[in-house]
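Residue numbers (UniProt numbering): 1 to 201.
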């Protein structure tokens, strides 16, 4: 019984340290840039020697993978809390506003989750499955409002990331492109509705 308690405490402590390392990596990335993270900087930020870091992560890409998984889980959890109305245009606006807010509140997280800027990095299958779930959830939400063409899903994601890229790149901290999300949602729904009606006629 005592042995199990000791193992549980060690496991709990290890989980705490891993969480601290991931948080330190985010902090380093926010200052130095995502692709410029070094194990030395992460170790220093968390208060350990770089060799000790290998007891928790065997490479920098392993840290990126943990960050990727954490970011995906945060996205899924927040998306689950969205108060959707069932009205198509309203729900599209809610979804676009959420995506813009989620991405602009942490541009480094956006870069890791939705862009490919780290040479050689590929998320593990377990972490990538979370990203697949994000897209699957979006597909389901679009299906519920009658948007079923895969090309229209691609268009929706392109609009969202396009506006977000512009906002982060050209007006960080502002709302020049963020305030266009409602207009984009209305235009998008008008387009897909017109396309659907054209196919039926």
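Ideal Cβ placement from N, Cα and C applies to all residues, glycine included.
Residue i vs residue j beta-carbon contact at 9 Å
i, j, result
"residue 177", "residue 100", "yes"
"residue 96", "residue 184", "yes"
"residue 163", "residue 180", "yes"
"residue 57", "residue 39", "yes"
"residue 78", "residue 102", "yes"
"residue 144", "residue 86", "yes"
"residue 98", "residue 82", "yes"
"residue 153", "residue 139", "yes"
Rounded separation between residue i and residue j - CA only
i, j, result
"residue 65", "residue 76", "17 Å"
"residue 2", "residue 55", "Only weak support exists for where residue 2 lies, its pLDDT of 46 falling under 50; the coordinates are left without a value."
"residue 36", "residue 30", "10 Å"
"residue 137", "residue 80", "9 Å"
"residue 149", "residue 157", "13 Å"
"residue 8", "residue 15", "11 Å"
"residue 166", "residue 12", "42 Å"
"residue 49", "residue 18", "14 Å"
"residue 91", "residue 110", "22 Å"
Simplified DSSP assignment, three categories, for residue i
i, result
"residue 128", "helix"
"residue 30", "helix"
"residue 2", "Any reading at residue 2 must be qualified, since the residue scores a pLDDT of 46, below 50, and its modelled position is unreliable; the value itself is stated next. In this structure, residue 2 counts as helix in the three-state DSSP scheme."
"residue 142", "helix"
"residue 78", "helix"
"residue 100", "helix"
Contact belief for residue i with residue j at Cβ below 8 Å, rounded distance in angstroms
i, j, result
"residue 63", "residue 21", "7 Å"
"residue 88", "residue 191", "Not really, about 13 Å apart at Cβ, beyond 8 Å."
Check: residue i C-beta below 8 Å from any heavy atom of the ligand ZN
i, result
"residue 129", "By its list of ligands, the structure shown contains no ligand whatsoever, and the ligand ZN lies outside what it can speak to."
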